[in-house]
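Engineer: Just dropping this structure here.
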Amino acid sequence: MKALNGRFGLPHPMLSITLFLIWQALSNGISGGSVVLGLALAWLLPLFTRNFWPNNPAIRRPFRFLTYIVRVVWDITVASVNVAMLVLNPTRKPRPAFVVFPLELEHPLAISTLAGTISLTPGTVSADISDDNTLLLIHVLDMDDEADLVETIKRHYERPLREIFK
Amino acid sequence: MEILFAFVIGTLTASGVYLILRARTFPVVVGLTMLSYAVNLFLFATGRLVTAGQPIIGSAKSYTDPLPQALVLTAIVIGFAMTAFVVVLALRSRADTGDDHVDGQKEAFWPEPGAKPAPEETR
Amino acid sequence: MNHWLTAPILLPLLGGILQIFLSFAPLGLRRTLGLATTSLILVVSISLLLLADDGAYRVYALGNWAPPFGIVLVLDRLSALMLFMTALLALFCHIYSTRGTDAQGRHFHALFLFQLMGLNIAFLTGDLFNLFVAFEVLLIASYGLLMHGGGTARSVPGLHYVVLNLIGSSLFLISVGLLYSVVGTLNMADLAVKVPQVAPEDLPLVQAAGMMLLVVFALKAALLPLCFWLPRAYANATAPVAALFAVMTKVGIYAILRVYSLIFGDQAGPLANLGMDWLFPLALVTLAFGVIGALGADGLRKLVAWQVIISVGTLLAAISLHSEASTSAALFYLLNTTWVVGGLFLVTDLIARQRGSAADRIVTAPRMRSRTLLSVLFMIGATAAAGLPPLSGFFAKVLILESVKPSPEMGWLWSVILIGSFLTVIAYSRAGSIVFWRNVEGHVKDPGHLTLPVTVSAGALISLSLVIVALAEPINRYADATAEQLHTPSAYIEILQTPVVTRRESL
Amino acid sequence: MITIALKVTLAMVTLAVILNVIRLIKGPDAPDRILALDSLYINAIALIVLFSMLIHSRLYIQSALLIAVMGFVGTIALAKHLKRGSVIE
Amino acid sequence: MHLALEILIVVLLITGGLFALAGAIGLLSLPDFYTRLHAPTKATTLGVGGIVFSSMIFFSFGNKSLEVEEILIMVFLFLTAPISANMLAKAAMHLKVDRMEGTKGHPWDQ
Amino acid sequence: MTLALVVLLPFLGAIVAPLFAQAGRTAIAIASSVPPVIALAALYPLWPAVEAGHVLVQTQSWLPDIGLSLSFRLDGLSLLFALLILIIGLLIILYSRYYLKKHENIGKFYSLLLTFMGSMLGIVMSSNLVLMLVFWELTSLVSFLLISFWNDKQDARRGARMALAVTGGGGLALLAGVLLIGQVVGSYELDDVLAAAQLVKAHALYPVILVLVLLGAFTKSAQFPFHFWLPHAMQAPTPVSAYLHSATMVKAGIFLMARLYPVLAGTPEWFYLVSFTGMVTLLVGAYVALFKHDMKGLLAHSTVSHLGLITLLFGMGTKLAAVAAVFHVINHATFKASLFMATGIIDHETGTRDMRQINGLWKFMPYTATLSMVAAASMAGVPLLNGFLSKEMFFAESLELNLPGLWAYVPPVIATLAGIFAVAYSARFIHDVFFNGKPVDLPIYPPHEPPRYMKIPVEILVFACVMVGMFPAISVGPLLNAASAATLAGDVPDYHLVVIHGFNLPLVMSFIAFFGGLLMYTQRQRFFDFHERFREIDEKAVFEAVVARLSEKARALTSFIENGSLQRYAMLLIVATIVVAIYPMFELGLSIGSMGISPVDAPTVVAGLILITCAVGTAAMHRERLYALILLSVVGLMVALAFARFSAPDLAMTQLSVEVVTIVLLMLALYYLPSWTPVEASRFRRWRDIVIALLAGAGMFLVTLAMLTRPFDSISRYFLENSVSGGGGSNVVNVILVDFRGFDTLGEITVLGIAALGIFAMLRDAKLAAPPTDGQGHPWSTDAHPTMLQQISRPLLPMALMVSVYIFLRGHNLPGGGFIAGLVTSVALIVQYIASGMHWSHRRMPFSLTTPIGLGLLAATVTGMASFAFGFPFLTSTFSHMHWPLVGDFELASAMAFDVGVYLTVVGATLTILASLGRLSMKSNAMPEDS
Ligand code: NA
Ligand code: NA
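Residue numbers (full-length UniProt numbering), protein chains in the order written: chain A, 1 to 166; chain B, 1 to 123; chain C, 1 to 507; chain D, 1 to 89; chain E, 1 to 110; chain F, 1 to 931.
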């Protein structure tokens, strides 16, 4: 069974589920055909591309991940307005800064997810990750307080991610 | 609309031609690409400009001429293959002649008439 | 519908695909399969030639879509002749390449076969846009072949060849598009029907399209002032490739013959014989320039490459006269020049291999190992190419000279051709006597041995000029019939009535 | 109402596109230009989607998707080229 | 179509358009590359995301069938925007492009 | 077919003879004599008929289109020449046996000799002018090879080439003349041509014909001013000189004049052209002959002179003169061939031909000396020898010309003067060689008589000289009569072949010539001194210099025009296009058709303006290459938007995908190229290019505008109507691609596949140095594969693949299809290459990159061929609606399978192309292995 799983199994179950769902969405409504084809694709595509995605970390808590996404989306929406204001207000000068963020996450995918999240939320962009994956360089558009920023990121994003990618 | 479209094609052609007449491989390749954009737009336009008549049966009340679109598709693919080839050839020429001039390094490659021939391979 | 019409296309295609799969297989296997494919193509071409000789048009509606909607293949005498001419040349070039050319780089056999596929599509297709596709197939393969074997001398001429042809392709598309935008069709027979009916206010568009198309074909055919890419490109290609390329300019000539007799022929109303008045003087200047090039050539390959241009000038001069007799003469000349020039490229290569660093340059060098054989082959080839008796070139030239009736054109044509011949003789005799006879003491280190395949293929191509003489009568009869067919486009137009195979609901 | 909103949005996006092009031409550095190009791609998605809504046709949604994919690939390739020279190594 | 839906669509469209425009203005007016990087990465992405989302609603309710290809677009946009920004930031740091005066901290060597 | 056989035999012999080369000189000589002997035997029975004045013509049709037939003829003239060719040929064969050295290439020699014999027979026996021409040029070619037999000698090579150039070139003129005759007469058959003599002479083209034909004849027969090749042809082995340059080939021109005598002669043009040329040649040859120290040189110039004499006789236009001409042909052949052979013997025995060294040979080889002296006496025109007879006839005819006034004296005076020279050089030949003291520094000393059989040919010929000289009526009477009859078209005048006609003016002239000649010879030193004052021109050197100069000029012109500059070639191509299109463009003008202009909307205008700005910007900013590339991508994007705007969703998608792949490709290339372009072109050049570009752009603008505003009807209606019912798909563009015009698509993916193969092959061994820094001098970053990119791109791959499956499947009915799907797949994989590197990705690819190309092409082809099985043409598609449990209704079209082929090819080709380029950097940049 394990051998079978190795060669013909589902290397990335989460991915397979996602692919299946997306396919149903794409197929313009659920039908016999789309389910069959969706299942086939959800099985085959991860299998074919498994070599390209080795040693992926298991996502322990998929539902935690969903709540994480919802939170991020909310953060983006709220904070966007701030940035828009900043941009559209010609009198306000931005106070940019490069901030080094010490990482607690270890897996590169987790780090990348964090970096991506930071970039998507207004006011911060992940500029670089150190070679040893311990530091994250963030460019901040308008910085009040560095410690505050680092703390916010750690609380809002890094800890949930640590739980998700265990 | 037609004037704008024609002007676009004219500009693309002119820019492409100008670049094709440059002396280095890179601008020439860019020029060829630009010219092929012009040609593709032109070929496409032979079916005339239609705003909301799709070439998909059942999608609209009136249809656009699908044939030029198919021809352009073929032309795009062929153009891509050719561009790829000419790009690689430009590199090859750079590797072989040490220069990116379209004629290679003139002195090194095209000996003037009357230049001394290489010594005979004799024993 | 005769499925064999697709064979000259499908055979090289399948053979080429096979070569892709076998790209890491032993060379011997690839050679065997490649040669087998080319031989099969020759066999098919011969059968098609025999088939076409009855003078009927054979139409093959690809995809079972009736013309003018689908693409058709049309076999007539001209296309059959081109197929045969190409296949025979290709077989000998292919045999020659097994001497080691094919081992100099990857994918030689695949490229070679695809080249044939492109050529054969061009000769068979009855659709103008498909002719464009055919040109692209044969061009891209020729680019690959031209660059085959690497070497620093090839890349710059290769680049020029490719860039110019890319511009040419753009022109082709513009012309086809322009034609379509007025007459709304792509099938050549349908174009022939509709071009004469074009409204007067649309005439300039069609005329521009026709003239630009002529530029495209003239570029492929290497007509002055569009011929400059040729000598260096051909002179630097590997021998079998250069030899095969003897047919490349002929594709342009074929296209001119086809399109300008069918679509812009005598019956095309206000656009009748479009561009032919330009073609004649340009062809003569091309011829003259080719001769000058040959006189000034410092290497045998260059000399032969200029011979290609001489041939183009001669052919187009005859074709532009637009009479049955001159077309027929041009066709006769076409066979002669294509094979002989191909053979000369091969012989030149054999010579170059035995002359060490002097290679093909017209300079003093140590004596060749196989001097006698090579000199005989060269002499026959040169005689045939220069158009001296008793070889085919002479008869071809006489046919062309004869085909024109007394007129100012006759004066020009005769003078240029005859003086050209004279100077060509001087060029060849000078080159030959220096290369073969003006020897210095010494030995070339490790001169190439003549092996059976290379000698046979080079010799065979050269000897074809003798065969043409022996078979001059039937060949000429075929050429006459072909010219007659070409000059009667009304028969071609009838292919539009081709019925398709009745469709069943499902197979 | 939707049509008006569409046209207003279209106007805004068109204006955004113009601004992008200005940045693209101004530079001053290559990253600026690539950034402008990236925004241009993203705004093109908006243009296509708005146009689709205007003509009530979903035939172009795929094109929008492709712009998203291709814009991304173009951007990272250009950025990598700046940094490493060789895009594929 | 229901008025509420129409209003939702219109709001999404207009805010989306505004965000896109804001992004473009930011791209044009912000003082240095690093600050400009923020504009498209967020504002534009978000704005276009909104427009795309409105399209999904528009077609789903207009055509009475679920049309979700737009989700794919949004997923792609949001997945890729940070990477693009990251790559561009790295490129800029590599090229040592000018920073605006008063920027705290410093970029890393590449 | 006796006549054809006679001509053919020597050719057969030429093939067979070399086989005897191994068996030795005697064997090959015997083998070589077989064909002429058989030919003579074959001609023998025909003799009575010919003598009776019959003309035998045997015709076999060959190429009726050019009026060329294998038509052979035997009349007196051709018989005379055939006998000369065969008999002297036999003697030469025998002679050569002893002349050639053992180590020489005797196989080649005899083969060429026989080929020459055949060609010569062909000339004289052809009854078709074109056929004659074939043989005519063949003799030029063969003589080229014979003259250069000793091709290690530079003089031999040059002499041969000069001979070929002159005689071959003359042959081409003759060709033109013959073809004109054909145009006038309507046939090349000699009978028809002879019958149409009056027609030809009256024709407007007659002067042209005459000049062209005479050019052929004069060059071949070494008439002034084309005579210079003949002396240099003496570099040939002596048998060749004896055969070609005295007896046969040079007589071909004479033969031609005789053959066409009835057609062309008898007009003032003929008279002045031919007789004047002959006269000058006669004199020049005779004069120069005297001063030649080389025995062969003397003989050669003497030959030139005698050929002039014959020409002059023909030119006179009287019938008796023509008879005399024919007679002199025979006589000259006999004495001159024997003299050449004797010279060969002397050369053979002494090792030199220089008369300043050779003296007093009488003592060493009296027998040879006797023979030579008799022959030389005949050459001088001593009575009782054949030379005397024809010369007397010549003197007599020179007096018969009815020229006005003082001009009447010119011919006899010149004739006598030439006679004086002839006697002088003949005397020199006798005295200077056989007497005149002792030999000086002979390379071979002492000389001996040659081998017995080497003398036989000379003996026979000298015997003939004497026999004809003493018994002309018996020995050559009938033959001469028959030949003259043929020349004059049956109208032979009364003439008497007797040794002495009595004491008359011609005899006086002979006396003057004889004694004048002897006197001249005794006073030779004065003449020599006089002649010394003029620098002698070496025609070979002149010819060589002319050819070299021609070649050099040609090369200079060629390299000036064909200068290897792509810019020029491209400019010519574009300008040529503009030139041919400019007239229709003027006709068209700024034309707006009946459909008028449709309104614009702001976004489209903005997009159009952006496109225009960026296009112009790309051209303007092309020096900064990356910048240009970025602008180009904007152009590409806008083009895609234009496709979308004007109802071409498939095109928009294709354009988008292709464009990004192209940009990646260009970037890959840019890595190895300088990042900026230097300013090279002059201001003028730039403006010239701008003007060309603007003209091209303006042309496209006008054409597009005219086209867009005109209504038209196209075949597309058919596609729209039949797409669903016949092609099973509602996306008409896709149905056209995979069905209606599937063949185009097959070609298109073939192009893509070939491009990939070609690129793969081209880059396999390319060595390109990667630049160590970027354009601004920054060293490259060491971070090849950034973490974020790497990590996020990995889940992107399966998602992108799904998208491509989606695009593929809906393609038949909605925008999409194999091509776009293939590009999406490729792009998704390319992202992996960019993010994680070639090495990493390559190891993970389940297949070699070229495999999908092959598979794709195969899939498309096999799908197309499947229809064969059902009796349908290639690429006929089919589709059907299926119902499967669980799955439900779906449509299955064979076009889908074809589209799979497209998909696979695109994936394979795109990846191969990009990976081949990527691999370059792997070699040049020794990168640490990716984890
Ligand atoms: Na952020
Ligand atoms: Na002497």
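Ideal placement from N, C-alpha and C gives every residue a C-beta, glycine not left out.
DSSP beta-bridge partners for residue 365 of chain C?
Structural biologist: Mapped onto the third sequence, residue 365 of chain C falls at position 365. In the DSSP output, where bridge partners are listed per residue, residue 365 of chain C has C/439.
Engineer: Once the 5 residues before and after residue 362 of chain F are set aside, which same chain residues still bring their CB inside 7 Å of it?
Structural biologist: For this step, residue 362 of chain F is matched to residue 362 along the sixth sequence. For residue 362 of chain F, where only same-chain residues beyond five positions count, the Cβ hits under 7 Å are 369, 434, 435.
Engineer: If the cut is a Cβ gap below 8 Å, which residues of chain D does residue 600 of chain F touch?
Structural biologist: Here residue 600 of chain F refers to the residue found at position 600 when the sixth sequence is read from its first residue. Near residue 600 of chain F there are no residues of chain D at all, since even the closest Cβ is about 13 Å away, more than 8 Å.
Engineer: If we ignore side chains and look at the alpha-carbon of each, how far apart do residue 723 of chain F and residue 205 of chain C end up?
Structural biologist: Position 723 of the sixth sequence, counting from 1, holds the residue named residue 723 of chain F. Position 205 of the third sequence, counting from 1, holds the residue named residue 205 of chain C. Going from the Cα of residue 723 of chain F to the Cα of residue 205 of chain C covers about 30 Å.
Engineer: With a cut-off of 8 Å, does the C-beta of residue 24 of chain D fall near any C-beta of chain I?
Structural biologist: Considering every chain present, this structure includes no chain I. Its protein chains are A, B, C, D, E and F.
Engineer: Taking just the CA atoms, how far does residue 704 of chain F sit from residue 6 of chain B?
Structural biologist: If you number the second sequence from 1, residue 6 of chain B lands on position 6. If you number the sixth sequence from 1, residue 704 of chain F lands on position 704. Distance between the alpha carbons of residue 6 of chain B and residue 704 of chain F: 5 Å.
Engineer: In the DSSP assignment, the alpha helix (DSSP H) including residue 128 of chain A goes from what residue to what residue?
Structural biologist: Indexing the first sequence from 1 puts residue 128 of chain A at position 128. Careful: residue 128 of chain A lies outside any alpha helix (DSSP H), inside the beta strand (DSSP E) at 124-129.
Engineer: Over what stretch of residues does the beta strand (DSSP E) that includes residue 940 of chain F continue unbroken?
Structural biologist: This structure leaves residue 940 of chain F out entirely; chain F is present only between 1 and 931.
Engineer: I'd like the list of long-range same chain contacts for residue 146 of chain A, defined as Cβ closer than 6 Å, with 5 residues on each side in sequence excluded.
Structural biologist: In the first sequence, counting from the first residue as 1, residue 146 of chain A sits at position 146. Excluding residues within five positions, the ones whose Cβ falls inside 6 Å are 99.
Engineer: Report all residues from its chain with a CB closer than 8 Å to the CB of residue 800 of chain F; omit the five preceding and five following residues, and keep chain order.
Structural biologist: Against the sixth sequence, residue 800 of chain F aligns to sequence position 800. Result list for residue 800 of chain F: 824, 825, 827, 828, 831, in chain order.
Engineer: Which of the three DSSP states is assigned to residue 189 of chain F in this structure?
Structural biologist: Within the sixth sequence, the letter at position 189 stands for residue 189 of chain F. Strand, per DSSP.
Engineer: Show which residues of chain C have a CB atom less than 7 Å away from the CB atom of residue 832 of chain F.
Structural biologist: As a working mapping, residue 832 of chain F is identified with position 832 in the sixth sequence. Contact of residue 832 of chain F with chain C by beta-carbon distance below 7 Å is absent, the smallest such distance being about 24 Å.
Engineer: Is residue 11 of chain C close to chain F, meaning its C-beta is less than 8 Å from at least one C-beta of that chain?
Structural biologist: The residue labelled residue 11 of chain C in the question sits at position 11 within the third sequence. Interface flag for residue 11 of chain C against chain F is unset, since no Cβ pair is found closer than 8 Å.
Engineer: Taking the alpha carbon of residue 80 of chain D as the point to measure from, which residue in F/552, F/430, F/626 has its own alpha carbon closest?
Structural biologist: Working through the fourth sequence from its first residue, we reach residue 80 of chain D at position 80. Selected option, being the one with the closest Cα: F/626.
Engineer: Which bits of chain E does residue 128 of chain A rub up against, with CB to CB less than 9 Å?
Structural biologist: Counting from one through the first sequence, the residue named residue 128 of chain A turns up at place 128. Ordered by position in chain E, the residues that pass the 9 Å Cβ test against residue 128 of chain A are 86, 89, 90, 93, 107, 108, 110.
Engineer: According to DSSP, is residue 24 of chain B part of a helix, a strand, or is it coil?
Structural biologist: Within the second sequence, the letter at position 24 stands for residue 24 of chain B. In the structure shown, residue 24 of chain B sits in a strand (DSSP, three-state: E or B).
Engineer: Suppose the cutoff is 6 Å on Cβ atoms and the five residues either side in sequence are ignored; what does the same chain contact list for residue 188 of chain F look like?
Structural biologist: As a working note, residue 188 of chain F is residue 188 in the sixth sequence. For residue 188 of chain F, where only same-chain residues beyond five positions count, the Cβ hits under 6 Å are 67, 128, 129, 130, 182.
Engineer: Taking only runs that begin and end inside the region 555-637 of chain F, name each unbroken beta strand (DSSP E) of 3 or more residues, in chain order.
Structural biologist: Counting only runs of 3 or more, we get nothing.
Engineer: When we look at the beta-carbon of residue 61 of chain B and count the other beta-carbons within 10 Å, is it buried (16 or more) or exposed?
Structural biologist: Along the second sequence, one-based indexing puts residue 61 of chain B at 61. Label assigned to residue 61 of chain B: exposed.
Engineer: Buried or exposed: which applies to residue 397 of chain C, given that a residue is buried once 16 or more other Cβ atoms fall within 10 Å of its Cβ?
Structural biologist: Position 397 of the third sequence, counting from 1, holds the residue named residue 397 of chain C. The residue in question, residue 397 of chain C, is buried, as its Cβ has 16 or more Cβ neighbours within 10 Å.
Engineer: How would you list, in chain order, the residues of chain E whose beta-carbon sits under 7 Å from the beta-carbon of residue 87 of chain D?
Structural biologist: For the purposes of this step, residue 87 of chain D is identified with residue 87 of the fourth sequence, where counting begins at 1. Chain E residues near residue 87 of chain D: none, gap ~11 Å exceeds 7 Å.
Engineer: With H, G and I counted as helix, E and B as strand and the rest as coil, what does DSSP make of residue 151 of chain C?
Structural biologist: Numbered from 1 along the third sequence, position 151 holds the residue referred to as residue 151 of chain C. Here residue 151 of chain C sits in coil by DSSP.
Engineer: Does any C-beta atom of chain B lie closer than 8 Å to the C-beta of residue 689 of chain F?
Structural biologist: By one-based count along the sixth sequence, residue 689 of chain F stands at place 689. Judged by the 8 Å Cβ criterion, residue 689 of chain F is in contact with chain B.
Engineer: I want to know whether the region 626-643 of chain F touches the region 52-68 of chain B - three or more CB-CB distances under 8 Å.
Structural biologist: no
Engineer: If residue 194 of chain F and residue 263 of chain F are in contact, beta carbons under 8 Å, what's the gap, nearest whole angstrom?
Structural biologist: Locating residue 194 of chain F in the sixth sequence gives position 194, counting from the first residue. Locating residue 263 of chain F in the sixth sequence gives position 263, counting from the first residue. About 6 Å separates the beta carbons of residue 194 of chain F and residue 263 of chain F, which is inside the 8 Å limit, making them a contact pair.
Engineer: In the DSSP assignment, find the unbroken beta strand (DSSP E) run with residue 72 of chain F in it and report its ends.
Structural biologist: Residue numbering aside, residue 72 of chain F sits at position 72 when the sixth sequence is read from its first letter. 68-74 is the extent of the beta strand (DSSP E) around residue 72 of chain F.
Engineer: For residue 884 of chain F, report the span of its beta strand (DSSP E) as first-last.
Structural biologist: Start at 1 with the first residue of the sixth sequence, and residue 884 of chain F comes out as number 884. 879-884 is the span of the beta strand (DSSP E), which, as asked, contains residue 884 of chain F.
Engineer: Do residue 692 of chain F and residue 575 of chain F count as a contact pair if the criterion is CB distance below 8 Å?
Structural biologist: For this step, residue 575 of chain F is matched to residue 575 along the sixth sequence. For this step, residue 692 of chain F is matched to residue 692 along the sixth sequence. Yes.
Engineer: By Cβ distance, which residues of its chain are closer than 8 Å to residue 40 of chain B, with the 5 residues on each side in sequence left out?
Structural biologist: Numbered from 1 along the second sequence, position 40 holds the residue referred to as residue 40 of chain B. Taken in chain order, the residues that qualify are 72, 75, 76, 79.
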